[in-house]
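So the sequence shown is residues 3 to 174, counted in the working numbering.
Inspection log for the structure reproduced underneath, given as structure tokens.
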Amino acid sequence: MIKIIGCIVILIASSGFGYIAGSRFKYRVKEIRLLMVSLQMLETEMTYTSTPLPQAFESVYLKSSTPISYIFKKVSQSLKNHNFSTVGEAFEKALLDCKDIMALSTEDIDILKSFGHTLGSSDIDGQIKSFKMVLKQLETQEAKAEEDRSKNEKMYKNMGFLTGIAVSVLLL
């Protein structure tokens with residue numbers, strides 16, 4: 003009886019681990035999409051309403067969904083407190099602080115870091131070009147993330163369940 007209960011617990015736990023590992027792929031796609039929407043809001047704030055950067059980042063933070071909104075909140079706070087000499091440094095620090103709570107890949111974060119260093123360093127036309135470039139790069143990343151999700155999400159979920167069955171069989 004104890005072995006059967008142990009097997010059930012192992013099966014549930016391994017299925018849970020598989021589900022968690024597989025869901026990371028789904029969350030990456032979702033976060034890239036949210037990031038693209040947030041960057042479009044930031045572009046609007048900066049280029050069309052000429053909002054100063056700290057207020058623009060705060061406005062996007064208030065309108066964005068978590069965990070992406072935390073990036074904009076941290077940048078806004080850093081700029082208001084004058085913690086960094088450039089927007090790029092504040093953006094990079096915010097990305098590093100938030101990377102553990104997001105499902106974004108290292109490549110996604112590198113794209114955002116390089117984009118952050120272009121913010122506030124050129125005129126409006128240059129900013130618009132930077133936004134278009136980063137959005138195009140994120141569209142490519144979204145397609146890759148969707149492909150990874152379709153390949154790997156189900157595999158991890160099934161692998162967790164099957165590992166639980168294998169361990170349970172070994173215990174019996």
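For every residue, glycine included, the Cβ atom is placed at its ideal position computed from N, Cα and C.
Cβ separation of residue i and residue j, assumed to be a contact under 8 Å, to the nearest whole Å
i	j	result
E155	I34	Not a contact, Cβ separation roughly 15 Å.
F163	G20	6 Å
G128	F93	Contact doesn't hold; Cβ gap of about 16 Å is too wide.
L81	L106	Wrong, their Cβ atoms sit about 22 Å apart, outside the cutoff.
Residue i versus residue j: straight-line alpha-carbon distance, rounded
i	j	result
E47	K153	37 Å
V62	F27	25 Å
K134	V169	50 Å
V31	L44	20 Å
I14	S66	35 Å
L140	L114	9 Å
T49	I126	6 Å
S123	K146	30 Å
Residue i, DSSP secondary structure in three states
i	result
L97	helix
D125	coil
S116	helix
A105	coil
T142	helix
N85	coil
P56	helix
S78	helix
M157	helix
S71	helix
S66	coil
Beta-carbon proximity list for residue i, same chain, < 7 Å, skipping 5 on both sides
i	result
L173	K5, G8, C9
M161	G20
S17	G162, F163, G166
D99	K76
I111	L97, K101
Pick from the options that is closest to residue i, judged by C-alpha positions
i	options	result
S87	V39, R151, G18, L121	L121
D102	I70, G118, S116	I70
Y29	V171, E148, M157, Y158	E148
A58	S116, V89, S107, D112	V89
R151	S123, L64, E91, I22	I22
Contacts around residue i, its chain only, beta-carbon distance under 6 Å, and the 5 residues preceding and following it disregarded
i	result
A96	I73, K76, V77
L36	S67, I70
Residues of its chain near residue i, where Cβ-Cβ distance is below 8 Å and the 5 sequence neighbours each way are ignored
i	result
T42	Reading the sequence as shown, one finds Gln at residue 42 and not Thr. Answer for Q42: F133, L137, listed in chain order.
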